[in-house]
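A.B. asks:
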Amino acid sequence: MKTLLLTTVAAIGAWSSLVTGANAADIIEEPIYVAPPPPPPPVQTSGWYLRGDVGYNFKSKSDGHYDFYNVGFGNNGIDNTEHYDSITLKNSANFGVGVGYRVNGYFRTDLTVDYFRTGVEGSSKCGYLVEIGYLLDPVNNNCRYNDSSHASVWTTMANAYVDIGTYGRITPYIGAGLGFAHVKYDDMDNEISCGGGSCNGFPVYKGSHPGESSWRFASSLMAGASIDITHQLKFDAGYKYTRIAEGDAYGYDKADSAAGASGVQGKDHGFDIHTVRAGLRYEFGGSGIGKGKEPAPLYTAQDTVYAEPAPVYK
């Protein structure tokens, strides 16, 4: 009886060990998948911007020519064509506005309208017909034409820029533009004198010529840098070179017109405008301006996040 009891207890112990071992083997540590946080909603941005600039045009040189009218001589009274020794554009202020579009982080375009008003002065040696009329020595004399006027210049330009890169808040750029200029002269005052006084006893001649206006081709080159004041507001400073093609300057005075002269008498040979300017550019849409919708982040298998595994009992 005692032997049977011990045998039974041993069997129960062995069975309990097998059951306990089986339950321990059934423990499975499975990871619990935790989804990554949803991406932020796309940022709607616009590539459009507005700009306004003020600038300073440096004094510059040009040249030009004019027809000498002598009734009854030459071709329809044009007896000779004289050339200016120099035409000077005085320094002046420049004002501009524009609207543009940023294509991406490196390329943008805009359409600008600029205006400046400048003094224009021309000087040339008197033509030989004037020298003869004043009974001057055709070789040694100081007879000169001195002309003065003002010109109002509007330019309309289509421009393209390349932003070279951003260094902190500073983005240097280069650009170029093509367009048109409208140049309108005031009446031109003309004086003929010899050393500032009379020529061989003849009184100093003073006359007035009506100003002319014309549309002309224009081109420009720019270089500068913008500084981020905010994500949307930029301070822009740089240099601009503008070439304006030749065009009409003034017509004939009253005496020549009464004698039959008509049309344009004087023309300039174009302007080279050197400008330093500064202004503000406001880009709509904040950060990421002009780059379209911000792309949603891409998640890969390496980005999958798992929680700390916990035992699961079955």
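Per mature numbering (1 follows the signal peptide of the UniProt record, and there is no 0): the sequence shown = residues -24 to -1, 1 to 290. Backbone N, C-alpha and C fix where the C-beta goes; we use that ideal spot for every residue, glycine too. Remember, it's a predicted structure, so these values are computed and weren't measured experimentally.
#1: Please list the terminal residues of the continuous beta strand (DSSP E) segment that includes Ser99.
#2: Does the ligand FMN have a heavy atom nearer than 6 Å to the CB of Ser99?
#3: Once DSSP output is grouped into helix, strand and coil, what is the label at Gly72?
#4: Give the secondary structure of Lys267 by DSSP, where H, G and I count as helix, E and B as strand, and everything else as coil.
#5: So which of Ala201, Asp162 and Asp123 has the shortest CA-CA distance to Pro148?
#6: Can you give me the Cβ contacts of Tyr104 inside the same chain, cut-off strictly under 7 Å, excluding the 5 residues immediately before and after it?
#7: Would DSSP call Val159 helix, strand or coil?
#8: Could you name the residues of the same chain whose beta carbon sits closer than 6 Å to that of Ala(-1), not counting the 5 residues immediately before and after it, in chain order?
#9: Excluding sequence positions up to five away, which residues of its chain have a Cβ less than 7 Å from the Cβ of Gly155?
#10: Look up Ser169 in the DSSP assignment and give the residues it is bridged to.
#11: Can you list, in chain order, the residues of its chain with a C-beta nearer than 6 Å to that of residue 291? Leave out the 5 residues immediately preceding and following it.
#12: For Ser263, I'd like the list of residues in its chain whose CB is within less than 7 Å of its CB, leaving aside the five on either flank, ordered along the chain.
#13: According to DSSP, simplified to helix, strand and coil, what is Glu58?
#14: Going straight from the alpha carbon of Thr57 to that of Cys102, what length do you get?
#15: Which residue or residues does DSSP assign as beta-bridge partners of Pro148?
#16: Is Gln188 helix, strand or coil by DSSP?
#17: Which partner residues does Thr206 have in the DSSP bridge list?
#18: Which of helix, strand or coil does DSSP assign to Gly246?
#19: Does Gly28 come out as helix, strand or coil in the three-state DSSP assignment?
#20: Assign Ala235 to buried or exposed, taking buried as 16 or more other Cβ atoms, counted over all protein chains shown, within 10 Å of its Cβ.
#21: Within 10 Å of its beta-carbon, does Gln20 have 16 or more other beta-carbons around it, so buried, or fewer, so exposed?
#22: Here's the rule: buried if 16 or more other CB atoms are within 10 angstroms of the residue's CB, otherwise exposed. What is Lys182?
#23: If you draw a straight line from the C-alpha of Ala69 to the C-alpha of Tyr82, how long is it?
#24: Near Ser36, what residues of its chain come up, given a Cβ to Cβ distance below 8 Å and the 5 sequence neighbours on each side ignored?
#25: Are the stretch 115 to 125 and the stretch 84 to 94 touching, with three or more C-beta to C-beta distances below 8 Å?
#26: From the DSSP output, in three-state form, read off Ser233 for me.
#27: I need the straight-line Cα distance from Ile265 to Arg78, nearest angstrom please.
#28: Answer yes or no: do Tyr137 and Gly151 have a C-beta to C-beta separation smaller than 7 Å?
#29: Along the alpha helix (DSSP H) that carries Gly109, what are the first and last residues, could you check?
#30: What's the C-alpha gap between His126 and Gly177?
C.D. replies: Working from what's here:
#1: For Ser99, the enclosing beta strand (DSSP E) begins and ends at Phe83 to Lys101.
#2: The ligand content of the structure shown is nil, which means the ligand FMN is not present either.
#3: Residue state, collapsed to three classes: strand.
#4: With a pLDDT of 42 at Lys267, under the threshold of 50, the modelled position of this residue cannot be trusted, and the question is left open.
#5: Here the closest residue by C-alpha is Ala201.
#6: For Tyr104, where only same-chain residues beyond five positions count, the Cβ hits under 7 Å are Pro114.
#7: In the three-state reduction of the DSSP assignment, Val159 falls in the strand class.
#8: At Ala(-1), the pLDDT of 48 sits below 50, so the modelled position is not reliable and the matter cannot be decided from this model.
#9: Correct list, in chain order: Thr131, Thr132, Met133, Ala134 and Ala194.
#10: Beta-bridge pairing links Ser169 to Arg120.
#11: The requested residue 291 is not part of the displayed model; the chain covers only -24 to 290.
#12: Here the model assigns Ser263 a pLDDT of 48, short of 50, so the residue's position is not dependable and the matter cannot be decided.
#13: In the displayed model, Glu58 falls within a strand according to three-state DSSP.
#14: A straight-line Cα-Cα distance of about 11 Å links Thr57 and Cys102.
#15: Paired residues: Ala201.
#16: The identity of residue 188 in the sequence shown is Glu, whereas the question assumes Gln. Assigned with DSSP and collapsed to three states, Glu188 falls in coil, not helix or strand.
#17: Its beta-bridge partners do not exist; DSSP assigns none.
#18: It is coil, neither helix nor strand.
#19: Looking at Gly28 - three-state DSSP - the assignment turns out to be strand.
#20: Exposed, because fewer than 16 other Cβ atoms sit within 10 Å of the Cβ of Ala235.
#21: Bear in mind that the predicted position of Gln20 carries a pLDDT of just 45, short of 50, making it unreliable; the figure below should be weighed with that in mind. That one is exposed.
#22: With a 10 Å radius around the Cβ and a threshold of 16 neighbouring Cβ atoms, Lys182 comes out exposed.
#23: About 30 Å.
#24: Excluding residues up to 5 positions away in sequence, Thr64, Leu65, Phe247, Asp248, Ile249 and His250 lie with their Cβ nearer than 8 Å to the Cβ of Ser36 in the same chain.
#25: Touching, no, given that fewer than three Cβ pairs across the two stretches are closer than 8 Å.
#26: Residue state, collapsed to three classes: helix.
#27: In this predicted model, Ile265 has a pLDDT of only 44, less than 50, meaning its place in the structure is not dependable enough to derive any value.
#28: Yes.
#29: Start and end: Tyr104 to Gly109.
#30: Each residue's alpha carbon lies about 31 Å from the other.
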